[in-house]
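Structure, as structure tokens:
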Amino acid sequence: MSSMVLQSVTSQTKAVQELAAGGSDPEVFDWQEVWYPVSYIEDLDKSQPTRFTLLEQDIVLWWDKHEQMWRAFVDQCPHRLAPLSEGRINQDGWLECPYHGWAFSGTGQCEVIPQQKERGKAEISQRACVNSLPTTIAQGLLFVYPGQAENAAQTKVPIVDALEEDPDGWICLNTFRDLPYDALTL
2 MSSMVLQSVT
12 SQTKAVQELA
22 AGGSDPEVFD
32 WQEVWYPVSY
42 IEDLDKSQPT
52 RFTLLEQDIV
62 LWWDKHEQMW
72 RAFVDQCPHR
82 LAPLSEGRIN
92 QDGWLECPYH
102 GWAFSGTGQC
112 EVIPQQKERG
122 KAEISQRACV
132 NSLPTTIAQG
142 LLFVYPGQAE
152 NAAQTKVPIV
162 DALEEDPDGW
172 ICLNTFRDLP
182 YDALTL
């Protein structure tokens with residue numbers, strides 16, 4: 002599956018001019034305009050949301066059963082800023098806020114506001130939407146693009162080409178170590 006998703010991203014990339022990682026300005030590197038691997042797919046649980054911090058921004062990773070893909074949202078409900086990662090995936094397959102039960106589909110659109118009056122339309126407001134980040138899967142990793150969504154398809158996913166060319170010629174051991182550091186460490 003990972004190569005299939007990557008192929009769709011790379012086929013889109015060939016149709017449009019490819020952007021260099023870090024944005025279009027060669028003089029300034031934009032850390033937002035890069036694909037980042039955030040988790041091994043095998044470590045994610047499709048039945049519950051997962052919190053992850055990327056570039057000092059909390060995001061929530063969750064499985065969208067309708068589109069059969071992993072989603073990444075900014076980890077804040079637009080209503081009261083509660084962390085969506087503490088919520089759940091409800092029976093409809095939407096990410097549900099733990100505070101007041103607002104539920105969001107994979108695009109970030111609010112689908113349900115339990116407290117609103119009958120025939121209310123608050124969920125169609127743009128202010129009720131969650132910021133959704135582009136995702137893709139490659140080489141068993143979930144990648145998230147925190148930059149401008151329209152640039153995601155044009156930016157190359159940083160994969161190890163040798164693994165794509167001859168996957169049977171390699172043994173991959175998945176290890177992960179979370180090292181808290183910031184720019185001062187570098």
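Numbering (the numbering used here), first residue to last: 2 to 187.
Note that beta-carbon positions come from the ideal geometry of N, C-alpha and C, so glycine has one too.
Just list the residues that DSSP pairs residue i with in beta bridges.
| i | result |
| --- | --- |
| F144 | P38 and T137 |
| L96 | I90 and F105 |
| Q58 | L55 |
| A73 | L62 and L134 |
| C111 | F105 |
Taking the straight line between their C-alpha atoms, what separation do you get for residue i and residue j?
| i | j | result |
| --- | --- | --- |
| V161 | I90 | 33 Å |
| R120 | E112 | 13 Å |
| C130 | S106 | 9 Å |
| T108 | L185 | 36 Å |
| E19 | E68 | 26 Å |
| F177 | C78 | 29 Å |
| K118 | F144 | 39 Å |
| V158 | K47 | 23 Å |
| F53 | V39 | 7 Å |
| T136 | Y146 | 6 Å |
| S215 | A22 | Residue 215 is absent from the structure shown; the chain starts at 2 and stops at 187. |
| E151 | Q49 | 28 Å |
| E34 | K122 | 35 Å |
| M70 | A163 | 26 Å |
| R72 | W95 | 11 Å |
Please classify residue i: does DSSP put it in a helix, a strand, or coil?
| i | result |
| --- | --- |
| E19 | coil |
| L82 | coil |
| L180 | coil |
| E151 | helix |
| R120 | coil |
| E68 | coil |
| E28 | coil |
On the criterion of 16 or more Cβ atoms from any shown chain inside 10 Å, does residue i qualify as buried, or is it exposed?
| i | result |
| --- | --- |
| V29 | exposed |
| I172 | exposed |
| S126 | exposed |
| L62 | buried |
| P181 | exposed |
| W32 | exposed |
| L82 | exposed |
| E97 | buried |
Validate contact between the region 163 to 182 and the region 132 to 151 using beta carbons, cut 8 Å, 3 pairs
Output reads yes: the region 132 to 151 touches the region 163 to 182.
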